[in-house]
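Enquirer:
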Amino acid sequence: MNSNSSSLFSLAHDLLTYGLDGSPIYADQFTRLNRDVYERAIELYNIHGATAEEEAELCLGLLVAFAATIYDNGCKQEYIQNVLDRSWEVLPKLSASLLKVRLLTYCYGEFYDESLAKEAHEIINTWDKAGLSPEQAEIAEELKGFEENQYPFEEVEE
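The C-terminal position of the sequence shown is numbered 900 in our numbering, with every residue numbered one higher than the one before it.
(1) Quick check on the DSSP output: the alpha helix (DSSP H) that includes Ala-810 runs from which residue to which?
(2) Put His-755 into one of helix, strand or coil per three-state DSSP.
(3) Runs of 4 residues minimum, wholly inside the segment 871 to 896: which ones carry the alpha helix (DSSP H) assignment?
(4) Would the beta-carbon of Val-867 fall within 7 Å of that of Ile-812?
(5) May I ask you to report which of helix, strand or coil DSSP gives Lys-842?
(6) Please state if the CB of Tyr-848 and the CB of Leu-858 are separated by a distance shorter than 7 Å.
(7) Closer than 8 Å by C-beta to Leu-874: which residues in its own chain qualify, once you throw out the five before and the five after it? Chain order, please.
(8) Can you tell me the Cα-Cα spacing of Lys-818 and Phe-808, whole angstroms?
(9) Could you tell me the alpha carbon to alpha carbon distance between Glu-890 and Thr-793, rounded to whole angstroms?
(10) Going straight from the alpha carbon of Ser-837 to that of Thr-773, what length do you get?
(11) Select from His-755, Ile-784, Asp-870, Gly-791 the residue whose C-alpha is nearest the C-alpha of Gly-816.
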């Protein structure tokens with residue numbers, strides 16, 4: 743990943759997983775991390791990658807950042823839709839890779855189009871299950887989580 747999109751993805755991922763390791767969550771640190779991620783996303787929003795991979799990395803970082811942050815300047819849903827539109831343009835240009843699975847997964851997490859999950863699974867199924875990298879295992883679990891809980895902020899009666 744290029745350094746800007748890589749650091750945005752890393753920051754946003756830290757925010758998404760903040761406190762999951764059992765460490766205490768401090769309000770000031772959580773607020774600062776939220777602000778930093780959101781401001782970095784806004785800075786990178788109008789930048790486009792020079793290659794399909796760079797564009798995919800930017801789209802991924804932006805989707806993760808917007809999903810992770812609590813801030814909204816009133817345009818967040820518009821930003822997300824524009825990043826999704828950019829993602830649709832770049833996805834067909836990507837080879838079957840971890841990057842493509844990540845982008846498919848986070849696009850799926852925005853509107854749950856089954857064809858995105860299916861394509862991600864097709865790539866994951868080509869990976870050596872015994873030798874998964876930590877990143878491969880993590881994205882496979884994230885996809886599973888999105889599939890099992892499509893309504894994370896709603897109470898669903900069964």
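The beta carbon of each residue, even a glycine, is placed where N, CA and C say it ideally should be.
Expert: On the basis of the supplied data:
(1) Within the sequence shown, residue 810 is the residue found at index 68, counting from 1. It spans 794 to 810 - the alpha helix (DSSP H) in which Ala-810 sits, taken as one unbroken run.
(2) By 1-based counting over the sequence shown, the position of residue 755 is 13. Three-state DSSP puts His-755 in a helix.
(3) 876 to 890
(4) Reading the sequence shown from its first residue, position 125 is the one you call residue 867. Reading the sequence shown from its first residue, position 70 is the one you call residue 812. Before going on, a small fix: residue 867 reads as Asn here, not Val. No.
(5) Here the question's residue 842 lines up with position 100 in the sequence shown. Of the three classes helix, strand and coil, the one that applies to Lys-842 here is helix, per DSSP.
(6) Walking along the sequence shown from the start, residue 858 turns up at place 116. Walking along the sequence shown from the start, residue 848 turns up at place 106. Result no, Cβ atoms of Leu-858 and Tyr-848 do not sit closer than 7 Å.
(7) Indexing the sequence shown from 1 puts residue 874 at position 132. Closer than 8 Å at Cβ, skipping near neighbours: Ala-882.
(8) As a first step, residue 818 is located in the sequence shown; it is residue number 76 there, counting from the start. As a first step, residue 808 is located in the sequence shown; it is residue number 66 there, counting from the start. Rounded to whole angstroms, Lys-818 to Phe-808 spans 7 Å at the Cα level.
(9) Along the sequence shown, read from residue 1 onward, the residue named residue 890 stands at position 148. Along the sequence shown, read from residue 1 onward, the residue named residue 793 stands at position 51. Those two C-alpha atoms are separated by around 33 Å.
(10) Residue 837 sits at position 95 when you count from the first residue of the sequence shown. Residue 773 sits at position 31 when you count from the first residue of the sequence shown. Cα-Cα distance, rounded: 37 Å.
(11) Within the sequence shown, numbered from 1, the residue matching residue 816 stands at position 74. Nearest of His-755, Ile-784, Asp-870, Gly-791 to Gly-816, Cα basis: Ile-784.
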